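I have placed the structure first, in the form of structure tokens, so that the comments after it can refer back to it.
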DNA sequence: GAGTGGTCTAGACCACGCA
DNA sequence: GCGTGGTCTAGACCACTCT
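Residue numbers (my numbering), protein chains in the order written: chain L, 92 to 332; chain V, 92 to 332.
As structure tokens, then:
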């Protein structure tokens, strides 16, 4: 069963969970592909089908897998739509979801700053890729973003312009990085002259400020993103459950 | 098995799920109490223990139940701490959670307004209870709230002052209403003179505006809450998963 | 030791997708 | 018709709590 020892005793299903997550994160199974069937996995790992099922169900709940009855179990793909739906929370008041477009972007590779190293757990000499961009909604520039990515995680990202609308699908397809969670902090702020020059807002008007750190399946901090959003007819929607 | 028919065919575990949710929402089992054991429930409902387990695990994931190995399965209580942790997302930048206190409050019973009827699915003649209050953090008034509750759901609420810090524990303990989810929309706004008079902010400073509708286990809209939060050193924290 | 939930197994049958 | 995941069952043993 591929080096599953018993360090102080972990339940079997947790050991199976770790094996499967490791295989996915090491690229043994790739996004969009199907896993072996439950019975094949159970035989391979020398556990019962029920134990495999418990793990696959858990990973499905975490949105890392997708199960299709009659077909198989697949590695979830961070498609554009899916990533937008999952990690982009802006909508019209009342609920209608909004889809942002790129207005413009500037990408460069540069040394990291102290705050960036703190946010992303980087070392003193690590470089970062800085993405500055403005996003538009229905043709109207509404969001200014500064995105910081450790250069070591995404080599060559700075020369891939134009970047796709959702970076997370790029991280997954090109760099094998699965973004599984993000931590956000929201504040209110005031638009300054730079904001007014780039997005559809006047100086002194209120902006919604979003500070996000995105984390990968392997628990690495992959991206620090600061967004400044026009807040006149756009809201940030959350469901607390 | 208590009137479980097969309307077009629902899986057994869904039928069991419905029965258990109904018993909880009808008060047959009350918060803090323990449910019968898995084996007793299985016998009672004429299903296998595994099917009962699947349902209890699901309800535990939804935070409606709590399971304690060796002791039993309990109806989750919306204690102050728990409700704050689950539904109050304001914290210091960086993550330290904040605990609000009541500064003052005014409660009254009055006819509903059109927007309130829309938000809470009320009829033309339904009355509401309006709670206006200011909450303080570390002694500093930071949040202005207006809370609207259908009078029919919480009779006598207007004469219960002073209200507890977390209304949700009161809804549960006094009215048998379990708040299981809430939908929030966040915007940025500017402080006006009324804000400046009541909370620690100057006119024209940015405020975080939160619009929340809380929903019960039975899918009734129980509360519409509008909050205006000082946003200088308070952030709204979200984990996207 | 008795009773509870937690883990694990083995096997049956159903529902779905596809060739 | 075959292979897949989805549901359901029955039973064994473990880990924890309380008396």
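We treat Cβ as the ideally placed atom computed from N, Cα and C, and that holds for glycine. These numbers come from a predicted model, not from an experiment.
Quick one: does residue 107 (chain L) have its CB under 8 Å from some CB of chain V? no
- Query: Which residue's Cα is closest to the Cα of residue 237 (chain V): V:244, V:230, V:224?
  - Reply: V:224
Worksheet item: Is DSSP giving residue 165 (chain L) helix, strand or coil here?
Response: strand
Checklist entry - Hey, would you say residue 235 (chain V) sits closer than 8 Å to residue 325 (chain V), going by beta carbons? => result no
Checklist entry - Skipping 5 residues on each side, what residues in its chain have a beta carbon closer than 6 Å to that of residue 118 (chain V)? => result 267
Using a Cβ-Cβ cutoff of less than 6 Å, which residues in the same chain neighbour residue 261 (chain L) once the five nearest sequence positions on both sides are dropped?
255
Shorter than 8 Å from the beta carbon of residue 177 (chain L) to some beta carbon of chain V? yes
* Asked: Taking the C-alpha atoms as reference points, what is the distance between residue 105 (chain L) and residue 140 (chain L)?
  -> 14 Å
Note to self: Is residue 256 (chain L) close to chain V? Criterion is C-beta to C-beta, closer than 8 Å.
What the structure shows: no
query = If we call anything under 8 Å between Cβ atoms a contact, is residue 279 (chain L) one with residue 296 (chain L)?
reply = no
Would DSSP call residue 306 (chain L) helix, strand or coil? strand
*When you compare each of L:300, L:181, L:249, L:123 to residue 264 (chain L) by their alpha carbons, which one comes out closest?*
L:123
request  = Determine, using beta carbons only, whether residue 107 (chain L) and residue 308 (chain L) come nearer to each other than 8 Å.
outcome  = no
Using a threshold of 8 Å, state whether the C-beta atoms of residue 171 (chain L) and residue 271 (chain L) are closer than that. no
Q.
Is residue 272 (chain V) close to chain L? Criterion is C-beta to C-beta, closer than 8 Å.
A. yes
**Asked** Does the beta carbon of residue 281 (chain V) sit closer than 8 Å to a beta carbon anywhere in chain L?
**Response** yes
- Query: From residue 153 (chain L) to residue 136 (chain V), what distance separates their C-alpha atoms?
  - Reply: 31 Å
Quiz prompt | CA nearest to the CA of residue 211 (chain L), picked from L:110, L:102, L:321, L:306 | solution = L:306
Relative to chain V, which residues along the region 193-222 of chain L have a C-beta separation below 8 Å, given in chain order? none
Handout entry: For residue 232 (chain L), three-class secondary structure by DSSP
Key = strand
Does the Cβ of residue 206 (chain V) have 16 or more other Cβ atoms within 10 Å, making it buried, or fewer, making it exposed? exposed
Looking at the C-beta of residue 322 (chain L), does it have a partner C-beta in chain V at a distance below 8 Å? yes
Using the three-state DSSP reduction, which class does residue 187 (chain V) fall into: helix, strand or coil?
coil
Next item on the list: Compare the C-beta of residue 102 (chain L) with all C-beta atoms of chain V and state if any pair is closer than 8 Å.
Entry: no
- Item | Endpoints, the beta strand (DSSP E) within which residue 331 (chain V) is located | 326-331
### Query
Is residue 240 (chain L) helix, strand or coil when you go by DSSP?
strand
Q.
Please identify, using Cβ separations under 9 Å, the residues of the region 155-179 of chain L that lie next to chain V, in order along the chain.
A. 177, 178
| query | Looking at residue 194 (chain L) and residue 149 (chain L), is the spacing between their C-beta atoms short of 8 Å? | reply | no
**Request:** Below 7 Å between beta carbons is the criterion; list the residues of the region 277-307 of chain L that meet it against any residue of chain V, in chain order.
**Result:** 277, 278, 279, 280, 281, 297, 298, 299
Nearest to residue 183 (chain V) (by Cα), restricted to the options V:159, V:233, V:213 | V:233
Review point. Which residues in chain L sit within 9 Å of residue 330 (chain V), going by Cβ to Cβ distance?
Key: 272, 273, 274, 275
* Report the option in L:245, L:100, L:229, L:213 whose CA atom is closest to the CA atom of residue 220 (chain L). => L:245
- Query: For the region 233-259 of chain L, which residues have a CB atom closer than 8 Å to at least one CB atom of chain V, in sequence order?
  - Reply: none
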